[in-house]
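Below is one structure, written out as structure tokens, with a few remarks after it.
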Amino acid sequence: MTGLGAAQSITSSHRRYALILPGNWAAIPMDDPDALKERVRQIVKERVPRDDRFATARRNMREDLLTNVTGARDSGATLYALSLELLPGLPFPASLIAYEPGWPPEAPPAGEPSGRLAAAFPGAAVVEEAPVPTVRRATVRTRRLTATDTTVLDLTYWFAAPDGGLVCTMVSVPDCPGVEPVTELFDMIASSIHWAPPLEGDDR
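In this text, residue positions in the sequence shown follow my numbering: the first is 15, and each later residue adds one.
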């Protein structure tokens, strides 16, 4: 992660797993509504100049971000992080949201995790470097902004957790500067996932 700032560990809301992200990413807490709102306010304050001319832009960005983050939390997200500079001058150029959705019905109820992933997500690419069985799907699409077409990269990773559960991370890069290098970056981030020891009294 050279050139992307000092690495940092971003932990899920229940502190069950974590990812290593570059230092220019900002995590937003999912388990405390007040802390969530305050973190959104801080991020926008840091990214938009404190000039009255930008008051409307600052308010709109804060409301949009708060809506997106709150929606993710209400949908069960346990981790939410924003890249503050994947491409110079582009604010919030990537987001990473993690869920623990449970295994889909297509997955066998038992068996090797790699086989369960293959059955649940056919055609997904295996992320060989990950510490647990992990697969990824990538979608590249085009979005038109005014008169310019931009490339949007969506990546979804599924991790077979050591406790038998399933973790899903969803990455969106709305103005992707290069599909292959950006995918390699997020494969590296996905491969950093690690789990904390179970808490006392936790039987999951």
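Glycine residues also receive a C-beta, built at the ideal position from the N, C-alpha and C atoms.
According to DSSP, residues forming a beta bridge with residue i
i           : result
residue 22  : 35
residue 131 : Partner(s): none; residue 131 has no beta bridge.
residue 29  : Bridge partners of residue 29: none, in fact.
residue 172 : 149 and 182
residue 96  : 40 and 109
residue 54  : In the DSSP output, where bridge partners are listed per residue, residue 54 has none listed.
residue 209 : 31
residue 187 : 167
residue 139 : 150
Test item: CB-CB of residue i and residue j under 8 Å
i           : j           : result
residue 86  : residue 130 : no
residue 196 : residue 190 : yes
residue 112 : residue 93  : yes
residue 165 : residue 156 : yes
residue 42  : residue 55  : no
residue 80  : residue 51  : yes
residue 186 : residue 109 : yes
residue 205 : residue 143 : yes
residue 34  : residue 49  : no
For residue i, the three-state DSSP class (helix, strand or coil)
i           : result
residue 70  : helix
residue 44  : coil
residue 203 : helix
residue 156 : strand
residue 163 : strand
residue 88  : helix
residue 49  : helix
residue 215 : Per-residue confidence for residue 215 stands at a pLDDT of 47, beneath the threshold of 50, marking its modelled position as unreliable; the derived number appears in the next sentence. Coil, per DSSP.
residue 195 : helix
Cβ neighbours of residue i in the same chain (closer than 7 Å, five flanking residues each side left out)
i           : result
residue 30  : 209 and 210
residue 237 : Lying outside 15 to 218, the shown extent of the chain, residue 237 is not represented and no answer is given.
residue 40  : 57, 95, 96 and 98
residue 23  : 32 and 34
residue 200 : 169 and 185
Cβ-based neighbour list, residue i, same chain, cut-off 6 Å, excluding 5 preceding and 5 following
i           : result
residue 146 : 173 and 174
residue 188 : 166
residue 27  : 44, 45 and 92
residue 117 : 180
residue 151 : 138 and 170
residue 176 : 209
Beta-carbon contacts of residue i that lie in its chain and below 8 Å, excluding the five residues immediately before and after
i           : result
residue 149 : 131, 132, 135, 138, 139, 140, 141, 171 and 172
residue 193 : 152, 154, 165 and 167
residue 122 : 129, 130 and 133
residue 89  : 113
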